[in-house]
Amino acid sequence: MRENLPALQFLIPFFVAVSMPVMGWLRPNWCRPMALFSLLAMVCASLAALLSILDQGPIRYPFGGWIPPVGIEWVQDGLSGVVMVMVSLLALVTLFYASPGVEKTLTAKVVPFYTLVLLLVSGFTGMVLAADLFNLFVFLEVVSLCGYALVAVAGGRALIAAFRYLILGTIGASFYLLGVGYLYAATGTLNMADLAQRLPGLLESKAVLTGLVFIVIGLGIKMALAPLHGWLPDAYAHAHEAICPLIASMMTKVPLYALARIVFWVLGLETLLQTHAFLYYMSWVGTVAILAGAFLALSEQDIRRMFAYSGVSHIGLVVLGLSLGNQTGFAGAIFYLMIDAVMQAALFFVAGVLLYRYGIRQVADLVRYGGRAPWTMATLIITALSMVGIPPTGGFFGKWVIILAALEADHYVAVGAIVLGTLLTLAFFVRFLEKMLLEERQNVQEQSGETPWPMRFGMAVMAVAILLLGIFSDPAISLIQDFASPSGFTK
Amino acid sequence: MFLARSNFVAFILLFLFGLYIMMTHKNLIKKLIGMYLVQTGVILFFITLGVKEGSTVPILFLDGGPIQASAYANPLPHVLMLTAIVVGVATLGVSLALVIAIYRQYRTLEEDELFRRME
């Protein structure tokens, strides 16, 4: 059982996704319970896998019994175990949140919607577990293709946003594949563990360096690392409000995880600290991304674009944490990756409810908000506290650990950038809450009925998750340090 | 010097040409042509990695003689590119579907005109 868990986590959503069209034809009402049930089963499988990893170490799954490096293998170690739990839980909650909105406004497209979401989740699983650079490329494209289609579902302007996303995403994928080709030409292998053994002697080779740069550019486009974030704001702002949280919470985080995997497990820490320049440049890219995202968010009037840019800023923060080259920074970055996925989901839950119930898109329209939606308000305030970084929430502890790591690495500019980014985040949430709470109400639209309970439930789960990640940040960070860190960090 | 590696030069030209078309042309279909050139460039790059003059497909003839590795071409890049071609076809399919949907909605595929009609 244990050794089959990696494949099982992929097969559960994948099998249901493939059988969904038949199901939709025979029993349309079963689509939603089947999709949710399969994601629930996936959550159980990923939790079982994580417990088993903590107990007995990484699980290796060679496909068809071919021993790597000849065969393709999937590896679920501490880091991928933790990320898998995050992916499956977020997928379950966001799909649960999405179901009423989708069934009401996209009635004719329910079956393709569930198929695409489950394919997207199985693609994420493949990306997280792949221990082979080419396998990673294939799943990167599976994820992206589902992403383009899901963004386009809303129609209208979303089509153009999706087209732009497709063009930029394909350039990213081509750069990544080109980088993989360079590394393959230099080493003759694609297996990550095998590459890690062969690369250290080859770092003088220009082919290897060029390949690495191409891989970083490719994944950088996919994860919207500023200045490569061009596709992201439009895609998030025009996507259907039910689909947005799912895409916003994971579409950029999983490629970021893939970058961490390649940088720390393929290149290896010793090589990185010897050559030094790679991490150094990455830390500056991260610093710039933090500030660029925060400034752009502040200048936006559209609520969802504003949230999207704040996500760009946080991607920069995670990249900065990873590139500090010490264990505190790594653990803080991975912790922040998870809390940011939760926060993005929560923000787009709130934005979705505002749009779905009140038709509010712009910050200026918030005066129309009736002010009688305690669930939305509470979630928004908790998420805002966490985005800004106020102690009882997870966002504070993530930022705090990354700042400590930056001080440890004597990177004072980074500390300044994080603090300035925090202040800018505070500024845009103050503007947001001011419109919502303090200004006089105008043209308030009385809403009949309540927010559908799956939406309220989704928001409540995210708010509680942000608080829990804050309260239990110490055990979570030490779990990452003990079980999910690459070898070679000086304690 | 460059011509000694003419296959790589060809791939770089294709790749850059594709990127250039994607960036400069306003028509969505032309952008897709550029995208396809970029993908084809990468595919050709992988294919040239596996090419070896005077070599054959890696099927062993068990006629008793010693196996000469130098007589066989590396099949892995070609096999990888079969998958990459499938990925490319899927991307092209999705992108053409998007273009059709955009045309039905806005009745144009020129970017400038599109932005004007979106307002």
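Chains as they are written, first to last, in the working numbering: chain A, 19 to 509; chain B, 829 to 947.
Glycine residues also receive a C-beta, built at the ideal position from the N, C-alpha and C atoms.
Through-space distance from residue j to residue i, alpha-carbon basis
| i | j | result |
| --- | --- | --- |
| G89/A | Y202/A | 15 angstroms |
| A445/A | L316/A | 7 angstroms |
| G439/A | L29/A | 41 angstroms |
| G408/A | I399/A | What sits at residue 408/A in the sequence shown is Ile, not Gly. Each residue's alpha carbon lies about 11 angstroms from the other. |
| N835/B | L196/A | 15 angstroms |
| L237/A | L274/A | 7 angstroms |
| F475/A | D500/A | 33 angstroms |
| F415/A | A423/A | 12 angstroms |
| H258/A | A172/A | 5 angstroms |
| D940/B | L277/A | 36 angstroms |
| L512/A | P894/B | Outside the shown range of chain A (19 to 509) lies residue 512/A, about which nothing can therefore be said. |
| G921/B | R386/A | 42 angstroms |
| G506/A | I71/A | 20 angstroms |
| R45/A | P51/A | 11 angstroms |
| I840/B | F450/A | 48 angstroms |
| V111/A | E938/B | 40 angstroms |
| L108/A | A266/A | 11 angstroms |
| F81/A | V93/A | 11 angstroms |
| A244/A | N47/A | 43 angstroms |
| G165/A | P905/B | 28 angstroms |
| Y200/A | L888/B | 28 angstroms |
Residue burial classification, residue i (beta-carbon count within 10 angstroms, cutoff 16)
| i | result |
| --- | --- |
| W84/A | exposed |
| R323/A | buried |
| A179/A | buried |
| Y299/A | exposed |
| T125/A | exposed |
| P87/A | buried |
| M19/A | exposed |
| V105/A | buried |
| L168/A | buried |
| W393/A | buried |
| E457/A | exposed |
| C62/A | exposed |
| K854/B | exposed |
| Q292/A | exposed |
| I308/A | buried |
Delimiting residues of the beta strand (DSSP E) encompassing residue i
| i | result |
| --- | --- |
| E91/A | 91 to 94 |
The alpha helix (DSSP H) enclosing residue i, as first and last residue numbers
| i | result |
| --- | --- |
| Y298/A | 295 to 316 |
| Y79/A | Careful: Y79/A lies outside any alpha helix (DSSP H), inside the beta strand (DSSP E) at 77 to 80. |
| W393/A | 392 to 406 |
| S223/A | Counting along the chain, S223/A falls outside any alpha helix (DSSP H), and DSSP gives it neither H nor E. |
| I30/A | 23 to 44 |
| D383/A | Taken as a continuous stretch (DSSP letters only), D383/A belongs to no alpha helix (DSSP H), as it is neither H nor E. |
| M361/A | 345 to 376 |
| N855/B | Neither: N855/B is in no alpha helix (DSSP H) and is coded neither H nor E. |
| R932/B | 904 to 934 |
| H247/A | Neither: H247/A is in no alpha helix (DSSP H) and is coded neither H nor E. |
| D492/A | 491 to 501 |
| W418/A | 412 to 426 |
| M145/A | 128 to 147 |
| T440/A | 430 to 451 |
| E159/A | 151 to 170 |
Integer-rounded CB distance, given that residue j should sit under 8 angstroms from residue i
| i | j | result |
| --- | --- | --- |
| T270/A | I189/A | So it is not a contact: roughly 16 angstroms between Cβ atoms. |
| A363/A | M210/A | So it is not a contact: roughly 29 angstroms between Cβ atoms. |
| R487/A | G412/A | Going by the sequence as given, residue 487/A is Leu instead of Arg. Right, the Cβ-Cβ distance comes to about 3 angstroms (below 8 angstroms), so this counts as a contact. |
| G187/A | I239/A | 7 angstroms |
| A349/A | I495/A | 5 angstroms |
| V146/A | V272/A | 7 angstroms |
Neighbourhood of residue i by C-beta, 8 angstroms cutoff - its chain only, sequence neighbours within 5 removed
| i | result |
| --- | --- |
| T289/A | L217, P218, L221 |
| L865/B | L842, F843, F845, G846, I849 |
| T305/A | G334, L338, V431, A432, A435 |
| A901/B | G878, V879, K880, S883, T884, V885, P886 |
Closer than 9 angstroms at the beta carbon, the chain E residues around residue i
| i | result |
| --- | --- |
| K859/B | The question asks about chain E, but that chain is absent: this structure's protein chains are A and B. |
Sequence-distant residues of its chain with Cβ nearer than 6 angstroms to residue i (five each side left out)
| i | result |
| --- | --- |
| Y132/A | M38, C49, A53 |
| D212/A | P87 |
| G42/A | C49, V129 |
| L856/B | V927, L937 |
| L151/A | V198, L208 |
Other residues of its chain near residue i: CB distance less than 7 angstroms, five sequence neighbours each side excluded
| i | result |
| --- | --- |
| A255/A | D320, R322, R323, A326 |
| V120/A | V128, F131, A260 |
| Q27/A | M60, A63, S64, A67, M102, T143 |
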